[in-house]
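Input: a single structure, listed below in structure tokens.
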Amino acid sequence: MRGQEKNFLEPSEQFLRNPNTSWTLAGVLRFLPFGTVLKNPFLLRSAAAMKEVFSRATTVAGLLGAVFVLGTLAPSATKAEQLWVGTAVVDITPDRPVLLDGQRHVRVAREAATPITATALAIEGRQDGQPTEQAVIVSCDIVAIREGILEKVREKVSGQLAELDPSKIFLCATHTHTAPVTAEGKYELPEEPIMRPSEYAEWMTTRIAEAIVQSWNKRAPAKVGWGQGQAVVARNRRAIYADGSARMYGRTDVPEFRGLESMEDHELEVLFFWDQEDRLFATAINVACPAQEVEGLRVIHADFWHPVREALRQKYGAELAVLGLTGAGGDVSPHLMYGKAADERARKLRGLDRLGEIARRIVRGWEEALEVAQLDIQSDVVFRHVVKEVPLPYRKITEAEAAQAAAEAARYRDNPAERWNYLWHQRVVERFEKQQAGIDESLPIEIHVLRIGDVAIATNPFELYTDYGIQMKARSPAVQTFVISLVGSAGYLPTERAVRAGGYGAVPQSTRVGPEGGQILVDQTVEILKSLW
Ligand SMILES: [Zn+2]
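Each position in the sequence shown, counted from 1, maps to that position plus 6 in my numbering.
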């Protein structure tokens, strides 16, 4: 990116004219540097391995006007820290066929259309040369961070890095539906030899641990900035009808259609990190929409984050680490609910497919954020990171809901191909039994709340409905608030209005925690945020 700084303020026309910005699937393959992909896509991993670890570290930056040596590691409430930052990117594309996660039916991927990667961002705060705070954020091209994955990664890291507190590591999922299954037992295994979910999980967690260790070891003084752009990516996917019911991806061209259930969050919250030579080496982009535009494919694919990363690296440096952070968007997706003809026409004229169009918007919004951020680059900022376990009440299941789930579960029980559907209903039956027996009345979840200068970051393990994210942003004391969902795998967290209207993503089968728990999550998050300001 050297010499490209001048281009920061240029409008996006250059981007539009670039022939590489036409991302058909074939186009993506064409402009990747691995031409063998089409013939043997699983060679992709070794090819990618050559350019894999864009480990990035920087050298000395501006100093703190440090005055006192406090003789303690506890940071003062408002005193600024110097940030030491490092990044690493690892390829997590499997080299054998795998099952794909995120749909009801069994899908086997035998090839990769794009690499899938994990990007680690390690941040250490120092006051007067003494370490005061830590965080490692890892963005993973995977549908969710399934149970046991974070624990495995923390264990693998703590064996290698004694000075890093494993609880300060968290993983977030981009929610691509074209990445491997990482938990056993959800789908029937096919006859053909594949990399089993547990095998893949073992390998993937080793790779992610490597990324964390590399990013941590390469940390060096850095400067930070933040900005906001706008990008229309998310579309509310719940159509509401005259009878008050909701349907995911329901038709909107019928007389009964009354509207979409909720607003979308089109703010792009962006963090930027520069080294001492003012080279931009890392960016974290918070988009309140899961990456599931190409969700039905039977190939490995990183969805819209792939063209976003490629475009940013092409313009701003091949080693730029790009963290895709999925915001609160449990009720949205990139799929259009209406207006498809206008979208199609514009894309045709621009020579873009849907992924290309989404990437164009994110990159344009990102550049708007950069324009502002680079006018206010900070060398030392307040840096705090609170990790808290919050017990949230399970959603109450009615007798009628339990009976209906039991009947559905019975329909699928003896058909191994319907394992996903069986478990989906059976979970409700089991939860109802526990509820009646008074066992496990709350679900303990781990949340992370961070302050980096004027920016707040709040995580949750859910597919959190947009309204909750908006509430957190509206009540936050920060100038900008990043809400990161899918830091875990705790299911949808619907609003009260969604529960009333029903439909996928709002019924007990889709959810473990309901609106009561959602409100507690928001209140607790806001309380912690306020304690950091
Ligand atoms: Zn999904």
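C-beta: ideal position from N, C-alpha, C; glycine also.
All values reported here derive from a predicted model rather than from experimental measurement.
TODO: Verify the contact flag: H307, CB atom, against every heavy atom of ligand 1, threshold strictly below 7 Å.
DONE: As a working note, residue 307 is residue 301 in the sequence shown. H307: no, Cβ never under 7 Å from ligand 1.
TODO: Leaving out five residues on either side along the sequence, give the residues of the same chain with a beta carbon under 6 Å from the beta carbon of S221.
DONE: Locating residue 221 in the sequence shown gives position 215, where the first residue counts as 1. Excluding residues within five positions, the ones whose Cβ falls inside 6 Å are G92, T93, A94, A126, A128.
TODO: Could you spell out where the beta strand (DSSP E) holding I458 opens and where it closes?
DONE: Locating residue 458 in the sequence shown gives position 452, where the first residue counts as 1. Start and end: 448-458.
TODO: Classify Y206 as buried or exposed, calling it buried when 16 or more other Cβ atoms lie within 10 Å of its own Cβ.
DONE: Mapped onto the sequence shown, residue 206 falls at position 200. Buried is the call here.
Task: Sub-8 Å separation of A507 and E267 beta-carbons - done: Here residue 507 corresponds to residue number 501 of the sequence shown, with the count starting at 1. Here residue 267 corresponds to residue number 261 of the sequence shown, with the count starting at 1. For A507 and E267, yes; Cβs fall inside 8 Å.
- [ ] Using 10 angstroms around the beta-carbon of I218, count the other beta-carbons present and answer buried if the total reaches 16, otherwise exposed.
- [x] Along the sequence shown, read from residue 1 onward, the residue named residue 218 stands at position 212. So I218 ends up on the buried side.
- [ ] My understanding is that V144 touches A124, with C-beta atoms under 8 Å, so please give their C-beta distance in whole angstroms.
- [x] Residue 144 sits at position 138 when you count from the first residue of the sequence shown. Residue 124 sits at position 118 when you count from the first residue of the sequence shown. Rounded, the Cβ-Cβ distance is 6 Å, consistent with contact.
Task: Close-in-space but distant-in-sequence residues of the same chain around F488 (CB under 6 Å, 5 per side omitted) - done: In the sequence shown, the residue the question calls residue 488 occupies position 482. Counting only Cβ-Cβ distances below 6 Å, and skipping sequence neighbours, we find E275, N292, I463.
Task: S516 - containing beta strand (DSSP E), residue span - done: Taking the sequence shown and counting its residues from 1, the one referred to as residue 516 is at position 510. From DSSP, S516 is part of no beta strand (DSSP E); its letter is neither H nor E.
Task: Rounded C-alpha distance that separates A244 from T258 - done: Here residue 244 refers to the residue found at position 238 when the sequence shown is read from its first residue. Here residue 258 refers to the residue found at position 252 when the sequence shown is read from its first residue. At residue 244 the sequence reads Arg, which differs from the Ala that was named. Near 10 Å, if we compare the C-alpha coordinates of T258 and R244.
Task: Sequence-distant residues of the same chain with beta carbon closer than 6 Å to E502, five excluded per side - done: Residue numbering aside, residue 502 sits at position 496 when the sequence shown is read from its first letter. Sequence-distant partners of E502 (beyond 5 residues in either direction) whose C-beta falls short of 6 Å from its own C-beta, in its chain, are P521.
Task: Distance cut-off 7 Å: Q88 Cβ against heavy atoms of ligand 1 - done: Residue mapping note: residue 88 aligns to position 82 of the sequence shown, counting from 1. Incorrect: Q88 has no Cβ contact closer than 7 Å to ligand 1.
Open item on the list: Does G231 pass the burial test, meaning 16 or more other C-beta atoms within 10 Å, or should it be called exposed?
Closed with: Taking the first residue of the sequence shown as 1, we reach residue 231 at position 225. With 16 or more other Cβ atoms inside 10 Å of its own Cβ, G231 counts as buried.
Open item on the list: Considering only heavy atoms of ligand 1, does any lie closer than 7 Å to the CB of H431?
Closed with: As a first step, residue 431 is located in the sequence shown; it is residue number 425 there, counting from the start. Distances between the C-beta of H431 and the heavy atoms of ligand 1 are all 7 Å or more.
TODO: Please state whether DSSP places D529 in a helix, a strand or coil.
DONE: Sequence index remark: in the sequence shown, residue 529 carries index 523 (1-based). D529: helix per DSSP, three-state reduction.
Open item on the list: Run the Cβ filter for me: residues under 7 Å from any heavy atom of ligand 1, listed in the order they occur in the chain.
Closed with: Having a Cβ closer than 7 Å to some heavy atom of ligand 1 are G108, V149, H181, H183, P296, Q298, E469.
Open item on the list: I need the boundaries of the alpha helix (DSSP H) containing Q384, first residue and last residue.
Closed with: Residue numbering aside, residue 384 sits at position 378 when the sequence shown is read from its first letter. Looking at the DSSP string, Q384 is not in any alpha helix (DSSP H), and its letter there is neither H nor E.
TODO: Flag this pair as yes or no: are the beta carbons of S482 and G335 separated by less than 8 Å?
DONE: Position 476 of the sequence shown holds residue 482. Position 329 of the sequence shown holds residue 335. Their beta carbons are not under 8 Å apart, which means S482 does not touch G335 by this criterion.
- [ ] Decide if Q166 is buried, meaning its Cβ has at least 16 other Cβ atoms within 10 Å, or exposed.
- [x] By one-based count along the sequence shown, residue 166 stands at place 160. Exposed.
TODO: Measure from the alpha carbon of E563 to the alpha carbon of each residue in T182, S164, V114, T404, then state which is nearest.
DONE: Missing from the structure shown is residue 563; the chain here goes from 7 to 539 and no further.
Task: Selection from E405, P397, L456, Y428 that minimises the alpha carbon distance to E447 - done: Numbered from 1 along the sequence shown, position 441 holds the residue referred to as residue 447. Closest option to E447, Cα to Cα, is P397.
Task: Sequence-distant residues of the same chain with beta carbon closer than 8 Å to F60, five excluded per side - done: If you number the sequence shown from 1, residue 60 lands on position 54. Below a pLDDT of 50, predicted positions are generally treated as unreliable, and F60, at 37, falls in that range; no measurement from the model is reported.
Open item on the list: Given a cut-off of 8 Å on the beta-carbon distance, is the pair T465 and I476 in contact?
Closed with: As a first step, residue 465 is located in the sequence shown; it is residue number 459 there, counting from the start. As a first step, residue 476 is located in the sequence shown; it is residue number 470 there, counting from the start. Judged by their CB atoms, T465 and I476 are not nearer to each other than the 8 Å cut-off.
TODO: Give a yes or no on whether the C-beta atoms belonging to R370 and A237 are separated by under 8 Å.
DONE: Residue mapping note: residue 370 aligns to position 364 of the sequence shown, counting from 1. Residue mapping note: residue 237 aligns to position 231 of the sequence shown, counting from 1. Their beta carbons are under 8 Å apart, which means R370 touches A237 by this criterion.
Open item on the list: Given this structure, state the Cα-to-Cα distance separating V455 from A118, to the nearest angstrom.
Closed with: Taking the sequence shown and counting its residues from 1, one reaches residue 455 at position 449. Taking the sequence shown and counting its residues from 1, one reaches residue 118 at position 112. For V455 and A118, the distance between alpha carbons rounds to 35 Å.
TODO: Give the DSSP bridge partners of C295, in chain order.
DONE: Locating residue 295 in the sequence shown gives position 289, counting from the first residue. Paired residues: none, contrary to the question.
Open item on the list: Can you confirm whether the segment 358-378 touches the segment 307-325 when touching is taken to mean that 3 or more C-beta pairs between the two stretches lie within less than 8 Å?
Closed with: At 8 Å Cβ cutoff, the stretches touch.
Open item on the list: Check this for me: beta carbons of V505 and K174, under 8 Å apart or not?
Closed with: On the sequence shown, position 499 is the one that residue 505 refers to. On the sequence shown, position 168 is the one that residue 174 refers to. No, they are not a contact pair.
TODO: List the whole-angstrom C-beta distance separating V387 from C295, where the pair is believed to meet the contact cut-off of C-beta under 8 Å.
DONE: Mapped onto the sequence shown, residue 387 falls at position 381. Mapped onto the sequence shown, residue 295 falls at position 289. Cβ atoms of V387 and C295 stay farther apart than 8 Å, at about 28 Å.
TODO: Taking G135 as the reference, give the member of E161, W90, P422, G330 with the closest Cα.
DONE: As a position in the sequence shown, residue 135 is number 129, starting the count at 1. When each option's Cα is compared against that of G135, the closest is W90.
Open item on the list: Taking a contact to mean a Cβ-Cβ separation below 8 Å, would you say L105 touches Y193 in this structure?
Closed with: Within the sequence shown, residue 105 is the residue found at index 99, counting from 1. Within the sequence shown, residue 193 is the residue found at index 187, counting from 1. Yes. Within cutoff.
Task: Beta-carbon spacing of R110, W426 below 8 Å - done: Along the sequence shown, one-based indexing puts residue 110 at 104. Along the sequence shown, one-based indexing puts residue 426 at 420. By the CB criterion at 8 Å, R110 and W426 fall inside the cutoff.
Task: Those residues which DSSP pairs with T123 across a bridge - done: Position 117 of the sequence shown, counting from 1, holds the residue named residue 123. D97.
Task: Those runs of the alpha helix (DSSP H) which lie wholly inside the segment 327-385 and span at least 4 residues - done: For the segment 327-385, whole alpha helix (DSSP H) runs of length 4 or above, ordered along the chain, are 346-356, 360-379.
Open item on the list: Among the candidates E262, T472, R116, whose CA atom is the shortest distance from the CA of R304?
Closed with: Position 298 of the sequence shown, counted from the first residue, corresponds to residue 304. Of the residues E262, T472, R116, the one whose Cα lies closest to the Cα of R304 is R116.
- [ ] Please work out which residues of its chain come closer than 6 Å, Cβ to Cβ, to S339, disregarding the five sequence neighbours upstream and downstream, and give them in chain order.
- [x] Sequence index remark: in the sequence shown, residue 339 carries index 333 (1-based). These residues qualify, in order along the chain: R243, Q298.
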